[in-house]
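Colleague: This structure is in C-alpha cells; I'll ask about it shortly.
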Amino acid sequence: AQSVAQPEDQVNVAEGNPLTVKCTYSVSGNPYLFWYVQYPNRGLQFLLKYITGDNLVKGSYGFEAEFNKSQTSFHLKKPSALVSDSALYFCAVRASSGNTGKLIFGQGTTLQVKP
Amino acid sequence: GAGVSQSPSNKVTEKGKDVELRCDPISGHTALYWYRQSLGQGLEFLIYFQGNSAPDKSGLPSDRFSAERTGGSVSTLTIQRTQQEDSAVYLCASSLTGSIHEQYFGPGTRLTVT
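Heads up: the sequence lines are chains A and B, in that order. Counting from 1, position 92 in the first sequence corresponds to residue 92 in the working numbering; the numbering is continuous, with no gaps. Each position in the second sequence, counted from 1, maps to that position plus 115 in the working numbering.
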C-alpha cells in the first residue's frame with residue numbers, strides 16, 4: 001500500500017534561516033512525488049513535483065526538494081525562510097503504474113517562521 | 116485563467132438530510148478528483164474521474180456517498196442521509212491528465228452536519 005510520512009507536526013525556523021520539511025514515502029514501483037502548501041482558510045497550492053530525471057527539483061516561491069530513492073525521501077527545502085512562508089505543507093505520492101491518479105497525502109507539517 | 120471553483124463555500128445541514136456539492140474544474144482538464152479534509156483524518160481521497168473511463172470510487176467511505184461528472188466537466192458529489200462524521204472540508208481538484216500532471220485544488224466546501 002502507498003503511504004506518506006511527515007514525521008514533524010511543526011517546524012519552527014527564524015526568518016532568513018534555511019528550512020527543511022521532511023517527507024518519506026512508500027509506494028510500489030517508481031513514485032511521482034508532490035509538495036503542496038495550504039494557507040489558512042484556503043485550498044491547496046501546488047509547489048513542485050518529481051516525476052523523473054534530476055533528483056533536485058525547483059518550484060514556486062524559491063522552494064526546492066530532493067528526491068532520494070535509497071532513503072525513499074523527498075524533503076522540501078528553502079535556503080532562506082520568509083515569515084510569509086508560514087503555512088501548512090503537505091507531501092503527496094502516487095505510483096507511476098496503475099490507472100488511478102489519486103494522491104496519497106501525508107498528515108501535513110505546520111511551518112512557523114518567526115521574525 | 117480561471118481556477119477550480121466549488122459551491123457552496125459553506126453548507127450547514129441537519130443530520131439525515133441529503134447534500135450536493137458542486138465542482139467546476141479548469142477548462143481542458145480531463146481528470147477530476149474529490150478529497151475530504153478533516154482534523155482527525157487529514158486529506159483523504161474519495162473519487163477520481165478520467166475522461167470517459169469508469170471512475171475510481173475506491174475512496175468513497177460508504178454507499179451514502181456518490182459522485183457524477185456530466186459532459187466531462189462539472190462534477191457533483193452527493194451525500195445522502197448525512198451523519199455528523201461527514202462534517203469536513205470537501206476539496207475538488209483537476210489536472211490536465213491523470214498521470215504526471217499536478218492537481219489544482221479548489222477552495223473547498225465546508226460541510227457542517229448538526
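Even glycine gets a Cβ: it sits at the ideal position worked out from N, Cα and C. Because the structure is a prediction, the values reported are computed rather than measured.
Phe34 (chain A) bridges to which residues according to DSSP?
Modeller: Bridge partners of Phe34 (chain A): A:Lys49, A:Ala92.
Colleague: How about Tyr205 (chain B): is its C-beta nearer than 8 Å to some C-beta of chain A?
Modeller: Output row for Tyr205 (chain B): interface = no.
Colleague: Could you have a look at Ser188 (chain B) and say whether DSSP puts it in helix, strand or coil?
Modeller: Looking at Ser188 (chain B) - three-state DSSP - the assignment turns out to be coil, as it is neither helix nor strand.
Colleague: At a CB distance below 7 Å, what residues from the segment 119 to 147 of chain B approach chain A? Give them in sequence order.
Modeller: Hits within the stretch, in order: Ala146.
Colleague: What span of residues does the beta strand (DSSP E) with Arg225 (chain B) cover, start to end?
Modeller: It spans 224 to 228 - the beta strand (DSSP E) in which Arg225 (chain B) sits, taken as one unbroken run.
Colleague: Is it true that the CB of Arg225 (chain B) sits closer than 8 Å to the CB of Val204 (chain B)?
Modeller: Yes; because the gap between Cβ atoms is below 8 Å, this pair is in contact.
Colleague: Going by Cα to Cα distance, which pick from B:Ala182, B:Ser153, B:Gly157, B:Gly155 is closest to Phe164 (chain B)?
Modeller: Measuring from the Cα of Phe164 (chain B), the nearest candidate turns out to be B:Ala182.
Colleague: Take the Cβ of Ser177 (chain B) as the centre, count every other Cβ of all protein chains shown within 10 Å, and call the residue buried at 16 or more, exposed below.
Modeller: Burial call: exposed.
Colleague: Which residues, in order along the segment 13 to 35 of chain A, keep a beta-carbon less than 9 Å from a beta-carbon of chain B?
Modeller: Result list: Tyr32, Phe34.
Colleague: Which residue wins for smallest C-alpha separation from Glu64 (chain A), given the options A:Thr20, A:Thr72, A:Gly106, A:Lys102?
Modeller: Taking only the C-alpha atoms, the option nearest Glu64 (chain A) is A:Thr20.
Colleague: Answer with yes or no whether the minimum CB distance from Leu175 (chain B) to chain A is below 8 Å.
Modeller: Chain A contact via Cβ: absent.
Colleague: If you pair each beta-carbon of the segment 119 to 133 of chain B with each one of the segment 103 to 110 of chain A, do three or more pairs fall below 8 Å?
Modeller: Taking 8 Å as the limit for Cβ pairs, the verdict is that the segment 103 to 110 of chain A does not touch the segment 119 to 133 of chain B.
Colleague: Kindly indicate which residue of B:Tyr219, B:Gly166, B:Thr145, B:Gly186 has the alpha-carbon position closest to the one of Leu118 (chain B).
Modeller: Note that residue 118 (chain B) is Gly in the sequence shown, not Leu. When only C-alpha atoms are compared, the closest one is B:Tyr219.
Colleague: Between which two residues does the beta strand (DSSP E) carrying Ile162 (chain B) extend?
Modeller: Run containing Ile162 (chain B): 157 to 165, per the beta strand (DSSP E) assignment.
Colleague: Taking the C-alpha atoms as reference points, what is the distance between Pro170 (chain B) and Phe160 (chain B)?
Modeller: The alpha-carbon atoms of Pro170 (chain B) and Phe160 (chain B) are separated by roughly 13 Å.
Colleague: Thinking Val4 (chain A) and Tyr25 (chain A) are a contact (beta carbons under 8 Å), I'd like their distance in whole angstroms, please.
Modeller: With a Cβ gap of about 5 Å, Val4 (chain A) and Tyr25 (chain A) count as contacting.
Colleague: Pull out every residue of the segment 208 to 219 of chain B whose Cβ sits closer than 9 Å to any Cβ of chain A, in chain order.
Modeller: Going along the segment 208 to 219 of chain B in chain order, one finds Ala208, Ser210, Thr212, Gly213, Ser214, Ile215, His216, Glu217, Gln218, Tyr219 with a Cβ nearer than 9 Å to chain A.
Colleague: Counting Cβ pairs, one atom from each stretch, are 3 or more of them under 8 Å apart for the segment 208 to 222 of chain B and the segment 133 to 151 of chain B?
Modeller: The segment 208 to 222 of chain B is in contact with the segment 133 to 151 of chain B.
Colleague: Does Phe90 (chain A) have its Cβ less than 8 Å from a Cβ in chain B?
Modeller: So, interface residue.
Colleague: Assuming Ser60 (chain A) contacts Leu48 (chain A) under a Cβ cut-off of 8 Å, what Cβ separation, rounded to an integer in Å, is found between them?
Modeller: About 7 Å; that satisfies the 8 Å criterion.
Colleague: Flag this pair as yes or no: are the beta carbons of Glu135 (chain B) and Thr191 (chain B) separated by less than 8 Å?
Modeller: Cβ distance < 8 Å, so Glu135 (chain B) and Thr191 (chain B) count as in contact.
Colleague: Would you say Gly187 (chain B) reaches chain A, if we count a Cβ-Cβ gap shorter than 8 Å as a contact?
Modeller: It does not: the Cβ of Gly187 (chain B) has no partner Cβ on chain A nearer than 8 Å.
Colleague: For Lys114 (chain A), report the span of its beta strand (DSSP E) as first-last.
Modeller: Where Lys114 (chain A) is concerned, the enclosing beta strand (DSSP E) stretches over 109 to 114.
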